[in-house]
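Report on one structure; see the data block that follows.
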Amino acid sequence: MLMAGREEPMFERLARKCKQEPLVPMGILMTCGALYFAAKAIKTGDSKLANRMFYWRVGLQGFTVISLVGGGYWMRLKEQNKIDREEQLRVKAKEREKLWIKELERLDEEAKVRQERAKSIQEAFLERREQANAEEAAKKEAREAKK
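Using this note's numbering, you'd call the opening residue of the sequence shown number 1233 and step up by one each time.
Have a look at this one:
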């Protein structure tokens, strides 16, 4: 993997891979241990233990291969879930934006309705005021006419 124009150091890459798939290095170490004990048993002449250790080695190699394949599959699913999660977050953000816009439009509509209602109330008030002023002026003229 290239990092900032240079190759990733071997030990950093090894550490990263071991963190990603911890069962693989464990399987490798156990396989090497079984092979070591098989070689030691052959050296001492214990063929039963050597055969048992060879069976263990084969089983542990199978475990390592299965761990390797399973880890790769799991990492692929994890990456795909990450992409799916990002897509879900984008869709959710768009939905929130639409809801927010709808809410703003609703609030704007309510404000327009309130303004229209306030305007009609104000017009009705001014109309009643003019009528009251006209009635008062008529009463005043009627009183003056009586004098």
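We put the CB at the ideal spot given by N, CA and C, even for glycine. This one's a predicted model, so the numbers in the text were calculated from it and none came from an experiment.
- Secondary structure note for Pro-1257: its alpha helix (DSSP H) is the uninterrupted segment 1255-1276.
- Of the candidates Lys-1344, Leu-1267, Gln-1252, Val-1323, Leu-1267 places its Cα closest to the Cα of Arg-1289.
- By the 16-neighbour rule on beta-carbons within 10 angstroms, Ser-1299 is buried.
- When the beta-carbon positions are compared, Pro-1257 and Cys-1250 come within less than 7 Å of each other.
- The criterion of a C-beta distance shorter than 7 Å is not satisfied by Thr-1296 and Gly-1265.
- Here Thr-1263 really is in contact with Leu-1292; their C-beta atoms are around 4 Å apart, less than 8 Å.
- In the three-state reduction of the DSSP assignment, Glu-1240 falls in the coil class.
- Linking Glu-1311 to Glu-1327 through their CA atoms gives a straight-line distance of about 24 Å.
- Ala-1377 counts as exposed, since fewer than 16 other beta carbons sit within 10 angstroms of its beta carbon.
- Beyond the five residues adjoining it in sequence on each side, Ala-1270 comes within less than 6 Å, by CB distance, of Ala-1282, Met-1285, Phe-1286 in the same chain, given in chain order.
- Put simply, the backbone Cα of Lys-1371 is about 25 Å away from that of Gln-1354.
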